[in-house]
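There are 2 protein chains.
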Amino acid sequence: MRILIAGGDGFCGWPTALHLSKRGHEVAIVDSLIRRQWDEELGTQSLTPIASLEDRVALWRETSGKEVPIYIGDLQEYPFVERVFREFQPEAVVHFAEQRSAPYSMIDREHAVFTQVNNVVGNLNVLYAIKDITPDCHLIKLGTMGEYGTPNIDIEEGYIRIQHKGREDVLPYPKQPFSFYHLSKVHDSHNIMFACKSWGIRATDLNQGVVYGLWTDETRLSEGLYNRIDYDGVFGTALNRFCIQAATGHPLTVYGKGGQTRAFLDIRDTLQCIELAALQPAERGEFRVFNQFTEQFSIQELAERVQRVAAERFDIQAEITHLDNPRVEKEEHYYHAVHTKLLDLGLQPHLLSDELIVELIDTAMRYRERVNFDVIAPSANWR
Amino acid sequence: MRILIAGGDGFCGWPTALHLSKRGHEVAIVDSLIRRQWDEELGTQSLTPIASLEDRVALWRETSGKEVPIYIGDLQEYPFVERVFREFQPEAVVHFAEQRSAPYSMIDREHAVFTQVNNVVGNLNVLYAIKDITPDCHLIKLGTMGEYGTPNIDIEEGYIRIQHKGREDVLPYPKQPFSFYHLSKVHDSHNIMFACKSWGIRATDLNQGVVYGLWTDETRLSEGLYNRIDYDGVFGTALNRFCIQAATGHPLTVYGKGGQTRAFLDIRDTLQCIELAALQPAERGEFRVFNQFTEQFSIQELAERVQRVAAERFDIQAEITHLDNPRVEKEEHYYHAVHTKLLDLGLQPHLLSDELIVELIDTAMRYRERVNFDVIAPSANWR
Numbered sequence: 001m002r003i004l005i006a007g008g009d010g011f012c013g014w015p016t017a018l019h020l021s022k023r024g025h026e027v028a029i030v031d032s033l034i035r036r037q038w039d040e041e042l043g044t045q046s047l048t049p050i051a052s053l054e055d056r057v058a059l060w061r062e063t064s065g066k067e068v069p070i071y072i073g074d075l076q077e078y079p080f081v082e083r084v085f086r087e088f089q090p091e092a093v094v095h096f097a098e099q100r101s102a103p104y105s106m107i108d109r110e111h112a113v114f115t116q117v118n119n120v121v122g123n124l125n126v127l128y129a130i131k132d133i134t135p136d137c138h139l140i141k142l143g144t145m146g147e148y149g150t151p152n153i154d155i156e157e158g159y160i161r162i163q164h165k166g167r168e169d170v171l172p173y174p175k176q177p178f179s180f181y182h183l184s185k186v187h188d189s190h191n192i193m194f195a196c197k198s199w200g201i202r203a204t205d206l207n208q209g210v211v212y213g214l215w216t217d218e219t220r221l222s223e224g225l226y227n228r229i230d231y232d233g234v235f236g237t238a239l240n241r242f243c244i245q246a247a248t249g250h251p252l253t254v255y256g257k258g259g260q261t262r263a264f265l266d267i268r269d270t271l272q273c274i275e276l277a278a279l280q281p282a283e284r285g286e287f288r289v290f291n292q293f294t295e296q297f298s299i300q301e302l303a304e305r306v307q308r309v310a311a312e313r314f315d316i317q318a319e320i321t322h323l324d325n326p327r328v329e330k331e332e333h334y335y336h337a338v339h340t341k342l343l344d345l346g347l348q349p350h351l352l353s354d355e356l357i358v359e360l361i362d363t364a365m366r367y368r369e370r371v372n373f374d375v376i377a378p379s380a381n382w383r
Numbered sequence: 001m002r003i004l005i006a007g008g009d010g011f012c013g014w015p016t017a018l019h020l021s022k023r024g025h026e027v028a029i030v031d032s033l034i035r036r037q038w039d040e041e042l043g044t045q046s047l048t049p050i051a052s053l054e055d056r057v058a059l060w061r062e063t064s065g066k067e068v069p070i071y072i073g074d075l076q077e078y079p080f081v082e083r084v085f086r087e088f089q090p091e092a093v094v095h096f097a098e099q100r101s102a103p104y105s106m107i108d109r110e111h112a113v114f115t116q117v118n119n120v121v122g123n124l125n126v127l128y129a130i131k132d133i134t135p136d137c138h139l140i141k142l143g144t145m146g147e148y149g150t151p152n153i154d155i156e157e158g159y160i161r162i163q164h165k166g167r168e169d170v171l172p173y174p175k176q177p178f179s180f181y182h183l184s185k186v187h188d189s190h191n192i193m194f195a196c197k198s199w200g201i202r203a204t205d206l207n208q209g210v211v212y213g214l215w216t217d218e219t220r221l222s223e224g225l226y227n228r229i230d231y232d233g234v235f236g237t238a239l240n241r242f243c244i245q246a247a248t249g250h251p252l253t254v255y256g257k258g259g260q261t262r263a264f265l266d267i268r269d270t271l272q273c274i275e276l277a278a279l280q281p282a283e284r285g286e287f288r289v290f291n292q293f294t295e296q297f298s299i300q301e302l303a304e305r306v307q308r309v310a311a312e313r314f315d316i317q318a319e320i321t322h323l324d325n326p327r328v329e330k331e332e333h334y335y336h337a338v339h340t341k342l343l344d345l346g347l348q349p350h351l352l353s354d355e356l357i358v359e360l361i362d363t364a365m366r367y368r369e370r371v372n373f374d375v376i377a378p379s380a381n382w383r
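Dropping the structure here:
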């Protein structure tokens, strides 16, 4: 299958591109390389050294014999998007190419506006390109579980049947997103739903949980193929960040009480889910929503898990610090999200193991000289 | 009260500004005047002649003795927004300043992107200005009943109590908007809800129905104060357009079967609702949603009503034509929307009367030489 990976230089996009290429799909990457600029803006870098996209792709060609053409450009520029679609004629587009950090979107007004315009316009352009150039192409769009917020009822997969005053309907699940970033994904979801209905586009919205882990079969093959991993207060996410903090003798920073419960998955399951969605596409006109995660944990639980593994396996005594929560969110709440649709399609989950935590701590110890401790504290405030 | 009217040169904004000024409020207008450019883009103009904003305001000063300062600029430009908020220090902002036509947003990709960026960024800038400059200021934001779509259950005012798997919560009412324009308002609503929660802003989202009518006590005082009225396929809305079509011997154009049911209100009730919301503001941190309409009608019903009045009162035999529906929408559906909150605040509705239709037809006959018949047919297609 001809699969276009938008955002193929990023944390999820790069390993997905390699995985699908390895599995015999014809893969191309679109990326503006802006993620690397954000590192410079924030004075940070990936814990692991990462090669340039050109070098990565050249090395992949040597390693696997597979070509992965790259298109460098911004999805906000429609003539660029048009050229990519006309040339590559994708059968599926996996759309990772958005600003994906909640704290980044909350830095200030400029970052909020940038995040929403970048994400919404890029996504609208992809929708128009599908409509006008490759109408049968399946859009596989990365959403986030954060679109739902933390309602006091079970979170369903995109839709909910509501009985109300003696009548009933199945309606889009109500959204209560956590940040201007999460809001941008809610805006995207609504735009895509409308495009499916009006234009007969086929789309799958993957409301992904927090992704942890780093290594996949392909990225571990050689240093030039390594994936990025972020530990900073803006792009670093829980679990990955905790492991790096433990490895570098930094306290594990939990925001507030830590009772915030979120959905998580291993990056290897991201790759599986994307391929499952691609091979079993949505129907024309269908807007399909999957909750893409495998387990839920509270932040405190995760910190304690890392603390225990660090002590047992590395003899590291990691402290857990509760910082003033920079975010506006409930710190104790009900959380139960349904996630059966990807399992029904064949997902074989990699549940969180101590071994994975060991591997992350190990990796962090190997690259500890690359860590800038000044950027670990949260720098964006929700208030 | 110091009230800023964003979009104060438009169809709803101008009469609202005059009404509030007349009622003793200190009113200022912000407008980019872009609505007048869209007329040029589309080769149309208001049925009624309208004076320039400068002349309107000068005439209002002569007529009423009241000053209404004007700020000409674009809400997308934050330095401009900042200056307006610092100088005027509004206690309430009535935000009409958005691209408000569904067909305009559906013309093509450029118009879709323009509509969403213009509306979302302008609104984000207003939210940041309130947060940073006038945190106690009440945002009165114009939404639309079209945010809800046509669910098969009753439409509530912004929120719905949902029982699900033995638990319950009150959640934002699910949205199924009809166009990229309606989607932009849904995006705004989500952004405002978040800003209220995070920053403690006070906001009222007015999900307004289709506004009909033209004259208010203030705009009818003299030709220089006249309000605009649109009859073209892009900005003209049902009822107003039907009256103008009847007056000019044009068939009344119903899209599809005409079973589409929508919520309507008289423009004089828009003015009342705005003042009621301003005088009884939302609490700090509250995101309040009112459904702002007084009656619901199907499009076919309205066309028949105009047809009957035209025959009885003007001896005009207006034909009703069913055009292929350019929109993707249900043409027969359940529709029942709750709208009690503004009544509770004191709204005294002007229900649709034959007299109002007579007055609209009369006005249209007076200005029929201004009508360009080439722009009445729908020009944007949803498919």
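Just so you know, the sequences run in chain order A and B.
Using our numbering, read the first sequence as starting at 1 and increasing by one per residue.
Using our numbering, read the second sequence as starting at 1 and increasing by one per residue.
No residue lacks a Cβ here, since even glycine has one placed at the ideal position from N, Cα and C.
Interface residues of chain A facing residue i [CB-CB closer than 7 Å]
i, result
"residue 78 of chain B", "109"
"residue 194 of chain B", "177, 183"
"residue 191 of chain B", "183"
Residue from the options with nearest C-alpha to residue i
i, options, result
"residue 125 of chain A", "A/172, A/310, A/81", "A/81"
"residue 37 of chain A", "A/2, A/293, A/239, A/104", "A/104"
"residue 303 of chain B", "B/244, B/344, B/53", "B/244"
"residue 25 of chain A", "A/151, A/68, A/49, A/6", "A/68"
"residue 154 of chain B", "B/296, B/300, B/348, B/372", "B/296"
"residue 140 of chain A", "A/288, A/299, A/333, A/332", "A/288"
Assumed close pair residue i, residue j - CB separation to whole angstroms, cut-off 8 Å
i, j, result
"residue 20 of chain B", "residue 90 of chain B", "The Cβ separation is near 12 Å, so there is no contact."
"residue 192 of chain B", "residue 246 of chain B", "That belief does not hold up - the Cβ atoms of residue 192 of chain B and residue 246 of chain B are roughly 39 Å apart, past 8 Å."
"residue 34 of chain B", "residue 232 of chain B", "In fact, because the Cβ distance is near 16 Å, the residues do not count as touching under 8 Å."
"residue 184 of chain B", "residue 115 of chain B", "5 Å"
"residue 318 of chain B", "residue 328 of chain B", "Not really, about 27 Å apart at Cβ, beyond 8 Å."
"residue 45 of chain B", "residue 370 of chain B", "6 Å"
"residue 216 of chain B", "residue 271 of chain B", "6 Å"
"residue 118 of chain A", "residue 76 of chain A", "6 Å"
"residue 58 of chain A", "residue 30 of chain A", "Contact doesn't hold; Cβ gap of about 18 Å is too wide."
"residue 209 of chain B", "residue 260 of chain B", "Rounded, the Cβ-Cβ distance is 13 Å, inconsistent with contact."
"residue 147 of chain A", "residue 189 of chain A", "6 Å"
"residue 142 of chain A", "residue 96 of chain A", "5 Å"
Residue i: contacting residues in chain A (beta-carbon distance under 8 Å)
i, result
"residue 250 of chain B", "By Cβ distance, chain A contributes nothing, its closest Cβ being about 28 Å from residue 250 of chain B, past 8 Å."
"residue 169 of chain B", "151, 152, 153"
"residue 349 of chain B", "The contacting residues do not exist; residue 349 of chain B stays about 23 Å from chain A at best."
"residue 160 of chain B", "162, 164, 174"
Residue environment, residue i, which counts as buried when at least 16 other CB atoms sit within 10 Å
i, result
"residue 340 of chain B", "exposed"
"residue 207 of chain A", "buried"
"residue 98 of chain B", "buried"
"residue 165 of chain A", "exposed"
"residue 255 of chain B", "buried"
"residue 180 of chain A", "buried"
"residue 227 of chain B", "buried"
"residue 351 of chain B", "exposed"
"residue 373 of chain A", "exposed"
"residue 343 of chain A", "exposed"
"residue 72 of chain A", "exposed"
"residue 151 of chain A", "buried"
"residue 279 of chain A", "exposed"
beta-carbon residue i near the ligand MN non-hydrogen atom, thresh 8 Å
i, result
"residue 332 of chain B", "With respect to the ligand MN, the structure offers nothing, as it holds no ligand at all."
Beta-carbon neighbours of residue i, restricted to chain B and to distances below 7 Å
i, result
"residue 141 of chain A", "By Cβ distance, chain B contributes nothing, its closest Cβ being about 15 Å from residue 141 of chain A, past 7 Å."
Residue-chain proximity (residue i, chain C), Cβ-Cβ < 9 Å
i, result
"residue 186 of chain B", "In the structure shown, chain C does not exist; the protein chains are A and B."
Per-residue contacts from residue i into chain B (C-beta, under 8 Å)
i, result
"residue 128 of chain A", "109, 112"
- Item | Chain-ordered residues of the stretch 197–220 of chain B with a beta carbon less than 9 Å from chain A | Within the stretch 197–220 of chain B, the qualifying residues are 197, 198, 199, 200.
*Pull out every residue of the stretch 94–125 of chain A whose Cβ sits closer than 8 Å to any Cβ of chain B, in chain order.*
Correct list: 109, 112, 113, 116, 117, 120, 121, 124, 125.
request  = Identify each residue in the stretch 366–382 of chain B for which the Cβ-Cβ distance to at least one residue of chain A is less than 7 Å, and report them in chain order.
outcome  = Those residues of the stretch 366–382 of chain B that come within reach of chain A (Cβ to Cβ, closer than 7 Å) are 382.
Short-range partners of chain B found in the stretch 318–345 of chain A, where Cβ spacing is below 8 Å = Those residues of the stretch 318–345 of chain A that come within reach of chain B (Cβ to Cβ, closer than 8 Å) are 328, 334.
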